[in-house]
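Structure, as structure tokens:
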DNA sequence: CTTTTAATTGACCACTGGTTAATTATAGTG
DNA sequence: CACTATAATTAACCAGTGGTCAATTAAAAG
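Residue numbers (my numbering), protein chains in the order written: chain A, 14 to 207; chain B, 14 to 207.
Now the structure itself:
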């Protein structure tokens, strides 16, 4: 009554994570269930619990991965060959792009404050923010206070959290994103020069 | 096996709406259920369905009410006795205050794009936004484009959607809100005068 | 005092979802 | 080949959800 799969079809952590990611692209995280992940993988939902202690552990691995991705993205953009203002705009734009192209993950990373999100991911969020703040500081030739940079982040976050669910990919909101980024940058430029 | 309540204890639409509001203050809307509303009211959940067709109808009445409240708030602030710049800041601040003091309602009003929110409330959201845009336009002595005003709204929305769940009342974020509003206003002031 | 009428109950349905214990087939090992 | 560790299946449990409806009963109307 319980045939085991051939070795070639054996379930791996990676397969489960990948399928979860796939579902995250279509639904928000609340609607991604262990049972449905299993169904799509063609395995029983119980099997997943052999590889992951519980749902939280699975989801946590995913967001950890995405915090790394975001950090890498920020570094990469900051170290690019363009001039500082272009790079600053790119930091803003690529943050938005990241948020809109990984909406469910972004939600877990920056929008949930409930029990679902534990202190570990709060810490990861803070670290990513610090990276962001440092990038903005170093790319701007204006006097920006800590509060200014925070407001910039909030403004970008606002864009992502408004358009998420409304568009499914960054490109659909790209024009609006560029306009928003220009608004922010023009505000930054009004600050006194260093 | 089914005693009916005395007249003095009879259920009314208002009681149900009020209890739903109370629950909205503690939990986000996803976790407010017909069953729990009934439990707190000391009635059976079936009783609620005598007064409301379904959950959507109940929730919709609540957000309708809140769109009206927000509209009134915007009018009130715009028509105040202060000078334009103060009033502009107040419009921003009170929008944030509204969002943080009615978090679940704000979520339904401006954050949900799923099936849960129908086209009717989308329309109400647009109307409220138009009111906001007009207020900003009329209170600003600078040349603001449609895109600029949209960016301002997004920046405010960002504040609300970041702090919601993190603080439970506006006052807890008031200092940060003032700082954010000042950031926005200083950006506005860098635009050419009319 | 009797008949309406209106409000309420509670059982029921059909779901979704996480989690776990018992079970069994397979793969690797000696 | 036998044995064991492993990886999977199954079924059940538990807790919740929105929603429906016949039966009941309190209050209102006559």
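Glycine included, each C-beta is placed from N, C-alpha and C at the ideal position.
{"query": "8 Å Cβ cutoff met for residue 239 of chain B and residue 162 of chain B", "result": "What the structure shows of chain B is the stretch from 14 to 207, and residue 239 of chain B is not part of that stretch, so it cannot be assessed."}
{"query": "Residues that residue 160 of chain B contacts on chain A, provided the C-beta gap is smaller than 9 Å", "result": "189, 192, 193, 195, 196"}
{"query": "Whole-Å CB distance - residue 74 of chain A paired with residue 30 of chain A, under 8 Å assumed", "result": "6 Å"}
{"query": "Contained alpha helix (DSSP H) runs [length at least 4] in the stretch 140-176 of chain A, N- to C-terminal order", "result": "159-176"}
{"query": "7 Å Cβ shell around residue 141 of chain B - same chain, five flanking residues per side excluded", "result": "80, 83, 84"}
{"query": "DSSP beta-bridge partners of residue 206 of chain A", "result": "A:155"}
{"query": "Other residues of its chain near residue 47 of chain A: CB distance less than 7 Å, five sequence neighbours each side excluded", "result": "58, 61, 68"}
{"query": "CB contact below 8 Å: residue 124 of chain B versus chain A", "result": "yes"}
{"query": "Supposed close pair residue 124 of chain B, residue 174 of chain B - CB separation, criterion 8 Å", "result": "6 Å"}
{"query": "Residue range of the unbroken alpha helix (DSSP H) whose run includes residue 114 of chain A", "result": "97-114"}
{"query": "Beta-carbon contacts of residue 107 of chain A that lie in its chain and below 7 Å, excluding the five residues immediately before and after", "result": "86, 90"}
{"query": "Interface positions of the stretch 172-184 of chain B facing chain A (Cβ-Cβ less than 7 Å), listed along the chain", "result": "172, 174, 175, 178, 179"}
{"query": "Chain A within 8 Å of residue 127 of chain B, Cβ atoms only", "result": "yes"}
{"query": "Rounded Cβ spacing between residue 190 of chain B and residue 109 of chain B (contact assumed at less than 8 Å)", "result": "5 Å"}
{"query": "Partner residues on chain B for residue 76 of chain A, Cβ-Cβ distance less than 9 Å", "result": "In chain order: nothing, as chain B lies at least about 17 Å away."}
{"query": "Any chain A beta carbon closer than 8 Å to residue 14 of chain B", "result": "Any reading at residue 14 of chain B needs caution, since the residue's pLDDT is 47, under 50, leaving its predicted position unreliable; the model's value is listed next. No, because no Cβ of chain A sits closer than 8 Å to the Cβ of residue 14 of chain B."}
{"query": "Closest Cα partner of residue 122 of chain B within the set B:170, B:103, B:185", "result": "B:170"}
{"query": "Chain A contact residues for residue 186 of chain B, given Cβ-Cβ distances below 7 Å", "result": "Simply none; closest approach about 11 Å."}
{"query": "Host alpha helix (DSSP H) of residue 35 of chain B (start-end)", "result": "26-39"}
{"query": "Separation of residue 70 of chain A from residue 131 of chain A, as counted between CA atoms", "result": "11 Å"}
{"query": "Buried/exposed call for residue 119 of chain A, threshold 16 Cβ in 10 Å", "result": "buried"}
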